[in-house]
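Each protein sequence line maps, in turn, to chains A and B.
Our numbering puts the first residue of the first sequence at 471, with every later residue one more than the last.
Our numbering puts the first residue of the second sequence at -19, with every later residue one more than the last.
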Amino acid sequence: NAGVMQNPRHLVRRRGQEARLRCSPMKGHSHVYWYRQLPEEGLKFMVYLQKENIIDESGMPKERFSAEFPKEGPSILRIQQVVRGDSAAYFCASSPQSSGSYNEQFFGPGTRLTVL
Amino acid sequence: RKEVEQDPGPFNVPEGATVAFNCTYSNSASQSFFWYRQDCRKEPKLLMSVYSSGNEDGRFTAQLNRASQYISLLIRDSKLSDSATYLCVVVYSSASKIIFGSGTRLSIRP
Chain A
471 NAGVMQNPRH LVRRRGQEAR LRCSPMKGHS HVYWYRQLPE EGLKFMVYLQ
521 KENIIDESGM PKERFSAEFP KEGPSILRIQ QVVRGDSAAY FCASSPQSSG
571 SYNEQFFGPG TRLTVL
Chain B
-19 RKEVEQDPGP FNVPEGATVA FNCTYSNSAS QSFFWYRQDC RKEPKLLMSV
31 YSSGNEDGRF TAQLNRASQY ISLLIRDSKL SDSATYLCVV VYSSASKIIF
81 GSGTRLSIRP
């Protein structure tokens, strides 16, 4: 049973370009979370999605950032017109269907975005 | 004030020592608590849940103090392999609001 997969593992973009980060949850998991981690800092929650639904996007910047989790395929975190401050590690986590309580989140290896 | 606060450390202790660190949270509606471990440039992994009555897993003991709104992690007989950053996680009742602390760095020296 493969774990959470993220690609690419490393992504380099120039200012103004778009970055697309992909996350395939563990088999059987229908909940996906995206986090950002700046160097020497903790994880900051960005968005929580279920298939075709955004449940909580309170941690997402209002502009340039969007996320989706389509019925088929991986979850995508999209950053438009990247700036140097977007350089960070972006982690995706997945968990099984919630019964109303917290289920353990399993993290992917992360995508390290560098904006030149 | 941050919703979840941790002493960033680093804690530098000799192998075999006992080390403990706390994590405080500000929202009394917090429902569930966890400790995650993150190795350098790796993803976080669940270390243990924190139960109201306190719980132990080998050399690790986690405790919750709801009155003072903090959780703690105690590591006994520390090993070199315990060197990592330890993140506390607080989950609110909706289960969709999950807050990670900034982490406490622990370094075990031979």
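No residue lacks a Cβ here, since even glycine has one placed at the ideal position from N, Cα and C.
Once you ignore the five residues that flank Thr65/B on each side, which residues in its own chain have a CB closer than 6 Å to its CB?
Within the second sequence, residue 65/B is the residue found at index 85, counting from 1. Excluding residues within five positions, the ones whose Cβ falls inside 6 Å are Gln18, Gly83, Arg85.
To the nearest angstrom, report how far apart Ile51/B and Val517/A are at their CA atoms.
Position 71 of the second sequence, counted from the start, is the residue given in the question as residue 51/B. Position 47 of the first sequence, counted from the start, is the residue given in the question as residue 517/A. Going by the C-alpha atoms only, they are around 25 Å apart.
Indicate whether the contact test is met: 3 or more Cβ pairs, each with one atom in the stretch 521 to 530 of chain A and one in the stretch -16 to -6 of chain B, closer than 8 Å.
Counting Cβ pairs under 8 Å, fewer than three are found: no touch.
Is it buried or exposed, Pro506/A, if we count other Cβ atoms within 10 angstroms and call 16 or more buried?
Working through the first sequence from its first residue, we reach residue 506/A at position 36. Inspection of the sequence shows that residue 506/A is occupied by Arg rather than by Pro. Buried, by the Cβ-count rule.
Tell me whether Ser6/B is buried or exposed, calling it buried when 16 or more other Cβ atoms sit within 10 Å of its Cβ.
Mapped onto the second sequence, residue 6/B falls at position 26. Answer is exposed; the Cβ neighbour count stays below 16.
What first and last residue would you give for the beta strand (DSSP E) that runs through Val517/A?
Here residue 517/A is taken as the residue at index 47 of the first sequence, counted from 1. 513 to 520 is the extent of the beta strand (DSSP E) around Val517/A.
So what does DSSP say about Asp37/B, is it helix, strand or coil?
Residue numbering aside, residue 37/B sits at position 57 when the second sequence is read from its first letter. Reduced to three states, the DSSP call for Asp37/B is strand.
Alpha carbons only, please: which of Leu67/B, Val69/B, Ile55/B is nearest the one belonging to Ile88/B?
Indexing the second sequence from 1 puts residue 88/B at position 108. The candidate whose alpha carbon is nearest that of Ile88/B is Ile55/B.
Give me the residue from Glu23/B, Lys(-18)/B, Pro(-6)/B, Asn35/B with the minimum Cα distance to Phe13/B.
Numbered from its first residue, the second sequence carries residue 13/B at position 33. Answer by Cα proximity: Asn35/B.
Is it true that the CB of Gln487/A sits closer than 7 Å to the CB of Val553/A?
Counted from its first residue, the first sequence places residue 553/A at position 83. Counted from its first residue, the first sequence places residue 487/A at position 17. Not in contact: Val553/A and Gln487/A (Cβ atoms no closer than 7 Å).
How about Pro579/A: is its C-beta nearer than 7 Å to some C-beta of chain B?
Looking up residue 579/A in the first sequence gives position 109. For Pro579/A, the answer is yes, since a Cβ of chain B falls inside 7 Å of its Cβ.
For the stretch 542 to 550 of chain A against the stretch 493 to 500 of chain A, are there 3 or more C-beta pairs whose distance is under 8 Å?
Yes: the two stretches touch, three or more of their Cβ pairs being nearer than 8 Å.
What does DSSP give as the partner residues of His475/A in its beta bridges?
Reading the first sequence from its first residue, position 5 is the one you call residue 475/A. Here residue 475/A turns out to be Met, not His, going by the sequence shown. Answer by DSSP bridge pairing, in chain order: Ser494/A.
Who are the Cβ neighbours of Phe80/B in its own chain at under 6 Å, not counting the five residues just before and after it?
Taking the first residue of the second sequence as position 1, residue 80/B is located at position 100. The answer, listed in chain order, is Leu67, Val69.
I'd like to know whether the C-beta of Ser82/B is nearer than 7 Å to at least one C-beta of chain A.
Numbered from 1 along the second sequence, position 102 holds the residue referred to as residue 82/B. Yes - at least one Cβ of chain A is within 7 Å of the one on Ser82/B.
When you compare only the Cα positions, how much space is there between Arg483/A and Glu574/A?
As a working note, residue 483/A is residue 13 in the first sequence. As a working note, residue 574/A is residue 104 in the first sequence. Whole-angstrom Cα-Cα distance: 33 Å.
I'd like to know if Phe561/A contacts chain B, where contact means its C-beta is closer than 7 Å to some C-beta of that chain.
Start at 1 with the first residue of the first sequence, and residue 561/A comes out as number 91. Yes, Phe561/A lies at the interface with chain B (some Cβ there is under 7 Å from its Cβ).
With DSSP run on the structure shown, which of helix, strand or coil describes Leu508/A?
Taking the first residue of the first sequence as position 1, residue 508/A is located at position 38. Coil, per DSSP.
In chain A, which residues lie less than 8 Å from Leu67/B when you measure between Cβ atoms?
Position 87 of the second sequence, counted from the first residue, corresponds to residue 67/B. Those are Gly512, Leu513, listed as they occur along chain A.
Given that a residue counts as buried once 16 or more other Cβ atoms are within 10 Å of its Cβ, and exposed if not, what is Thr(-2)/B?
Taking the first residue of the second sequence as position 1, residue -2/B is located at position 18. Per the 10 Å Cβ criterion, exposed.
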